[in-house]
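Participant:
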Amino acid sequence: MDMPLPNPIVLSRKAELVARLLTVLPRDAVIEDEMETRAYECDALTAYKCPPLLAVLPRSTTEVSDILRICHNMNVPVVPRGSGTSLAGGALPTADCVILGVARMNDVLETDYANRVIRVQSGRTNLSVSGAVAEEDFFYAPDPSSQLACAIAGNIAMNSGGAHCLKYGVTTNNLLGVTMVMMDGEIIEIGGAHLDSGGLDLLGVICGSEGQLGVVTEATLRILHKPEGARPVLVGFDSNEVAGACVSDIIQAGVLPVAIEFMDRRVTEVVENYAHAGYPLCEAVLIIEVEGSEAEIDAQLALIREIAERHNPIEFREAKDADEASRIWLGRKSAFGAMGQINDYMCLDGTIPVSSLPMVLRRIGELSKEYGLDVGNVFHAGDGNMHPLILFDANKDGDLELCEAMGAEILKLCVEAGGCLTGEHGVGIEKRDLMGYQYEPADLDAQMAVKDIFDPKWLLNSAKVFPLNLSDAKRSARIAAE
Amino acid sequence: MKPTSEAELADLISSVKAPLCIRGGGTRLLGPIEGEVLETSGLQGISLYEPGALTMVAGAGTTLDEIGAALKAENQRLAFEPPDLRDVLGTTGASTIGGVAASNASGPRRISVGACRDFMLGVRFVDGAGIVAKNGGRVMKNVTGYDLVKLMSGAFGTLGVLSEVSLKVMPKVEIQLCLRIEGLNAKQAVAAMSAALGSPFEVSGAAQDLDGAVVLRLEGFDASVRYRADKLTQVLAGFGTVEILDDQAQCDTLWRDIRDARGFTGSTGDLWRVSVKPGDAPELIDALGAHAVLLDWGGGLMWVDMPKRTDLRARMSVPGHATLMRSDDKGFEQVARFHPQAAPLAKISARLRARFDPKGLLNPGLMGDVA
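Have a look at this one:
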């Protein structure tokens, strides 16, 4: 993976940068030791590593502003970091960058049940936002798989989704306001506790901008009362195609499950060996969860059963108690870990129209044979958000490259099917150079124009999202102007 | 000017040098805009509709009527229920999906399912330099690059003229029920609506109409809706007698009237649309000295009938923003239609407009100045 060459001027001014940062930060907030900066050398896309020049761990919006102003003045690139759980390399450093980690900014600033909002510092973890309102039986809806660890800052940067977003939407649908620091240190407030924006929807474009437009330090989030109950069912089919058709029928029937998850035979086998969840070994397993009171759940599941039975499932297993419910989810939740036990894998994230599911799954199977790499499919079927896991051996020469080439083929396939490169993980460095498959030059120009306006020097996380050859010109212009 | 294709639209914008007034069906006009009228109603037609994938793609000039008819045939709908403002604004014509998208027109269901912008999956547009671009796509989850779909939604054409919109559609519900409580003041009304919206019973509409009655909407499968109506009645017992309206046509009319702010049709004052934190609405009502106020979105959206040429914003004692929806020419001259943004945001917005509309052609002056 190509990254921009470090700017030698920045590298040579490390001592001066540290000295300046120490005028605004306490000693323990500046990490300069080469052993310690290694902790920030990668995120969850561990195939790529590069220790940053420095890491800083501010505790307040003011400190973030001071840091950014100093970096802006010295032309130092900055890579913002939440909890470092990005699967797309969104927090991968360059050797000349400052990692700005928001992990110490994790306070709850205000909870307001009457208006159904919570205001938090952005380093707070996703799950602990729900934790902060659990006493009143409220929760924050977006639930990425990494929710125990991932930070709201990263959720906003990547517009994160999760298994339950079929019903509740993704981050952008649940974000009402932010405090954000611009690269030049200016602090801005966008939105608030009210529902819609006055003027241009700047909040909408900041959410999902992968930390390239500013550093979000505080966020106002919508919270909801928990449903009275929830119950999953497991449905097994002997063909992917039929499972896909069943998903489509359920959605069209007007039942709104909170989640419809899909696992293919390869994943089911691995998971069964690992977690012993008691899954049937068949071509496709769907896990469908509905919410409400006992009676409402019964009614929805009766309808889902009726629809599923039209497709001749080989099994329809309803959870009769909490234990069975947790066993149904156990397999799905351990899928990534189980796959990781048997091999290294690369997790893709393309989204397709639900109607194209059978075709895309068939084609992925063919690509798997062509490339000689095993693939398991486990994903959010309700909204067509695929997660093909390509298995490879990181210790085998050329295997990673082969895997990446195959991944690119699958993502192109998603785009051809009417879908997109990434549904919830973000572009990062991983899909950066594939953007041309989805977007024309004019489409990318329009996006890069927004970056020009928020961060004219292209200092913030600038080697991500856009093809490197396009963003290189922006960085070169800045360096030439120094 | 009425281009009939995106290419024609692009050619046209490339060649013109004088300001344009961008118009879909002309039903949501926010007062007079200088410039030759550019109508998008020629960019017409549904190009893709997959009920099983809950997706529709249509030309920006496609009428809401056509979209509604296609959806109805599949028992589906636009869940964000775009308001029809013809009566209250005194406009005629046929609302277009481009106009809905450009104005982020969202109805009472905003509080549960989201706004128009939350259902927009993709856009194609022509910017002020005549360049065609697209963003997003036609799938439910998409974080590929920046979300310019949101930026274009609610930009009122000032960053580009929409040529195509891709939408998430939803199945219709089996039934709805309305719960009604009379005789509450604004403070009690917002408290009642907050209690309802803070319950697990999935309220999809919460308003206080011009007669002071709080109305709440429940939707879904019959048994579920009735169960929730029963539970919600218990939650609201302390606020007064809860009447349940079961007549479907009556419920439809009731929510249509709230959605479209019909109660203000023919009223003599200026009409404002104010967005606030719901709990702040009662205080603001006290401060405004309005003729009448309709509360929607649990109190978070206020439709306010103010004495003519009164700048409501000068009386805003709480955070939020206000849009002047209806006035006379003189009123629009004196008071800006959109709430002035805080200086740092105004600066960013002006730069965005300067970049996407370098010649200052697209609805100039409507949303503030260009950098």
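So the sequence lines, in the order shown, correspond to chains A and B. The first sequence begins at 9 in the numbering used here and counts up by one. The second sequence begins at -14 in the numbering used here and counts up by one. Don't be surprised by glycine CBs; every beta carbon is placed ideally from N, CA and C.
(1) With DSSP as the reference, please indicate the residues paired to residue 133 (chain A) in a beta bridge.
(2) Have a look at A:242, A:300, A:407, A:402 and flag the residue whose alpha-carbon is nearest the alpha-carbon of residue 216 (chain B).
(3) Listed from N- to C-terminal order along the chain, which residues in the stretch 293 to 313 of chain A have their beta-carbon within a distance smaller than 7 Å of any beta-carbon of chain B?
(4) Report the residue from B:248, B:280, B:241, B:247 whose alpha carbon sits nearest the alpha carbon of residue 368 (chain B).
(5) Per DSSP, what are the beta-bridge partners of residue 34 (chain B) in this structure?
(6) Considering only C-alpha positions, which residue in the set A:117, A:132, A:134, A:133 is nearest to residue 126 (chain A)?
(7) My guess is that residue 15 (chain A) and residue 487 (chain A) are in contact by the Cβ rule of under 8 Å, so how many angstroms apart are they, rounded?
(8) Are any of the Cβ atoms in chain A nearer than 8 Å to that of residue 288 (chain B)?
(9) Going along chain B in order, which residues have a C-beta closer than 9 Å to the C-beta of residue 269 (chain A)?
(10) Run through chain A and tell me which residues come within less than 8 Å of residue 158 (chain B), C-beta to C-beta.
(11) Taking Cβ positions only, does residue 434 (chain A) come closer than 8 Å to chain B?
(12) Across which residues does DSSP place residue 230 (chain B) in a beta bridge pair?
(13) Between the C-alpha atoms of residue 101 (chain A) and residue 421 (chain A), what's the straight-line distance to the nearest angstrom?
(14) What does a CB cutoff of less than 7 Å around residue 363 (chain A) pick up in its chain, not counting 5 residues either side in sequence?
(15) How would you list, in chain order, the residues of chain B whose beta-carbon sits under 8 Å from the beta-carbon of residue 177 (chain A)?
(16) Would you list the residues sitting across from residue 118 (chain A) in a DSSP beta bridge?
(17) Looking at C-beta atoms only, is the number of pairs between the stretch -9 to 2 of chain B and the stretch 14 to 31 of chain A that lie closer than 8 Å three or more?
(18) Using 8 Å as the limit for Cβ to Cβ distance, is residue 132 (chain B) near chain A?
(19) Which residue from A:71, A:250, A:87, A:345 puts its Cα closest to that of residue 59 (chain A)?
(20) Residues in the same chain with beta-carbon distance under 8 Å from residue 382 (chain A), minus the five sequence neighbours each way, listed in chain order, please.
(21) Keeping to the same chain, check which residues put their C-beta closer than 6 Å to that of residue 170 (chain A); ignore five residues upstream and five downstream.
(22) With 8 Å as the threshold, decide whether the Cβ of residue 122 (chain B) is near any Cβ in chain A.
(23) Roughly how many angstroms separate the alpha carbons of residue 114 (chain B) and residue 3 (chain B), rounded to a whole number?
(24) Go ahead and label residue 302 (chain B) buried or exposed: buried means 16 or more other beta carbons lie within 10 angstroms of its beta carbon, across all protein chains shown.
(25) Which one of B:236, B:151, B:141, B:276 has the shortest CA to CA distance from residue 163 (chain B)?
(26) When the distance is taken between beta carbons, is residue 427 (chain A) closer than 8 Å to residue 96 (chain A)?
(27) So is residue 119 (chain B) buried or exposed if we call it buried at 16+ other beta carbons inside 10 Å?
(28) Leaving out five residues on either side along the sequence, give the residues of the same chain with a beta carbon under 6 Å from the beta carbon of residue 340 (chain A).
(29) Which of the residues in the stretch 192 to 203 of chain A, read from start to end, lie with their CB under 9 Å from any CB of chain B?
(30) Quick one: is residue 363 (chain A) near chain B, going by C-beta distance under 8 Å?
(31) Taking residue 317 (chain B) as the query, report the chain A residues whose CB atoms sit under 7 Å from its CB, ordered along the chain.
(32) Quick one: Cα of residue 263 (chain B) to Cα of residue -13 (chain B), how far?
(33) Could you give the residue range of the alpha helix (DSSP H) that holds residue 477 (chain A)?
(34) Which term fits residue 152 (chain B), buried or exposed, when burial requires 16 or more other beta carbons within 10 angstroms of its beta carbon?
(35) Compute the Euclidean distance between the alpha carbons of residue 416 (chain A) and residue 126 (chain B), then round it to the nearest angstrom.
(36) Taking C-alpha atoms, which residue in B:146, B:267, B:90 lies nearest to residue -8 (chain B)?
Facilitator: Answer, in terms of the structure:
(1) Numbered from its first residue, the first sequence carries residue 133 (chain A) at position 125. A:159, per the DSSP bridge assignment.
(2) Translated into the one-based positions of the second sequence, residue 216 (chain B) becomes position 231. Ranking A:242, A:300, A:407, A:402 by Cα distance to residue 216 (chain B) puts A:300 first.
(3) 300, 301, 303, 304, 307
(4) Any question about residue 368 (chain B) goes unanswered here, given that chain B covers just -14 to 356.
(5) Counting from one through the second sequence, the residue named residue 34 (chain B) turns up at place 49. Its beta-bridge partners are B:41.
(6) Position 118 of the first sequence, counted from the start, is the residue given in the question as residue 126 (chain A). The shortest CA-to-CA distance from residue 126 (chain A) to any of A:117, A:132, A:134, A:133 is the one to A:117.
(7) Within the first sequence, residue 15 (chain A) is the residue found at index 7, counting from 1. Within the first sequence, residue 487 (chain A) is the residue found at index 479, counting from 1. 6 Å between Cβ atoms; contact.
(8) For the purposes of this step, residue 288 (chain B) is taken as residue 303 along the second sequence, with counting starting at 1. With 8 Å as the cut-off, residue 288 (chain B) does not count as an interface residue toward chain A.
(9) On the first sequence, residue 269 (chain A) is found 261 positions in, with the first residue counted as 1. Under the 9 Å cutoff, chain B gives no residues; its nearest Cβ is about 14 Å from residue 269 (chain A).
(10) Within the second sequence, numbered from 1, the residue matching residue 158 (chain B) stands at position 173. Going along chain A in sequence order, the residues near residue 158 (chain B) (Cβ under 8 Å) are 262.
(11) Numbered from its first residue, the first sequence carries residue 434 (chain A) at position 426. Yes, residue 434 (chain A) lies at the interface with chain B (some Cβ there is under 8 Å from its Cβ).
(12) For the purposes of this step, residue 230 (chain B) is identified with residue 245 of the second sequence, where counting begins at 1. B:163.
(13) Working through the first sequence from its first residue, we reach residue 101 (chain A) at position 93. Working through the first sequence from its first residue, we reach residue 421 (chain A) at position 413. So the alpha carbons of these two residues sit roughly 30 Å apart.
(14) Locating residue 363 (chain A) in the first sequence gives position 355, where the first residue counts as 1. Only 256 meet the Cβ criterion.
(15) Within the first sequence, numbered from 1, the residue matching residue 177 (chain A) stands at position 169. Identification of chain B residues near residue 177 (chain A) by a Cβ-Cβ cut-off of 8 Å yields 99, 103, ordered along the chain.
(16) Sequence index remark: in the first sequence, residue 118 (chain A) carries index 110 (1-based). According to DSSP, residue 118 (chain A) bridges with A:127.
(17) no
(18) As a working note, residue 132 (chain B) is residue 147 in the second sequence. Yes, contact with chain A.
(19) Counting from 1 along the first sequence, the entry for residue 59 (chain A) is found at position 51. Ranking the options by Cα distance to residue 59 (chain A), first place goes to A:87.
(20) For this step, residue 382 (chain A) is matched to residue 374 along the first sequence. Closer than 8 Å at the Cβ level, and outside the excluded window around residue 382 (chain A), lie 274, 351, 376, 398, 399.
(21) Sequence index remark: in the first sequence, residue 170 (chain A) carries index 162 (1-based). Cβ-Cβ distances below 6 Å link residue 170 (chain A) to 150, 151, 152 in the same chain, with the five nearest sequence neighbours on each side left out; the list follows chain order.
(22) By one-based count along the second sequence, residue 122 (chain B) stands at place 137. Yes, because at least one Cβ of chain A sits closer than 8 Å to the Cβ of residue 122 (chain B).
(23) Here the question's residue 114 (chain B) lines up with position 129 in the second sequence. Here the question's residue 3 (chain B) lines up with position 18 in the second sequence. Each residue's alpha carbon lies about 12 Å from the other.
(24) Within the second sequence, numbered from 1, the residue matching residue 302 (chain B) stands at position 317. Under this definition residue 302 (chain B) is an exposed residue.
(25) Counting from one through the second sequence, the residue named residue 163 (chain B) turns up at place 178. Nearest option by C-alpha distance: B:236.
(26) Locating residue 96 (chain A) in the first sequence gives position 88, counting from the first residue. Locating residue 427 (chain A) in the first sequence gives position 419, counting from the first residue. Cβ distance not < 8 Å, so residue 96 (chain A) and residue 427 (chain A) don't count as in contact.
(27) Here residue 119 (chain B) is taken as the residue at index 134 of the second sequence, counted from 1. Flag for residue 119 (chain B) reads buried.
(28) Looking up residue 340 (chain A) in the first sequence gives position 332. The beta carbon of residue 340 (chain A) sits closer than 6 Å to the beta carbons of 269, 295 from its chain, once the five residues preceding and following it are set aside; these are given in chain order.
(29) 194, 195, 196, 197, 198, 200, 201, 202, 203
(30) Within the first sequence, the letter at position 355 stands for residue 363 (chain A). It does; some Cβ of chain B falls within 8 Å.
(31) For the purposes of this step, residue 317 (chain B) is taken as residue 332 along the second sequence, with counting starting at 1. Within chain A, no residue comes near residue 317 (chain B); the closest Cβ sits about 17 Å away, beyond 7 Å.
(32) Here residue 263 (chain B) corresponds to residue number 278 of the second sequence, with the count starting at 1. Here residue -13 (chain B) corresponds to residue number 2 of the second sequence, with the count starting at 1. When rounded, the distance between both Cα atoms is 42 Å.
(33) Along the first sequence, one-based indexing puts residue 477 (chain A) at 469. That run of the alpha helix (DSSP H) goes 476 to 489.
(34) If you number the second sequence from 1, residue 152 (chain B) lands on position 167. Buried is the call here.
(35) One-based indexing of the first sequence puts residue 416 (chain A) at position 408. One-based indexing of the second sequence puts residue 126 (chain B) at position 141. For residue 416 (chain A) and residue 126 (chain B), the gap between their C-alpha atoms comes out near 19 Å.
(36) Reading the second sequence from its first residue, position 7 is the one you call residue -8 (chain B). Closest option to residue -8 (chain B), judged by alpha-carbon separation, among B:146, B:267, B:90: B:146.
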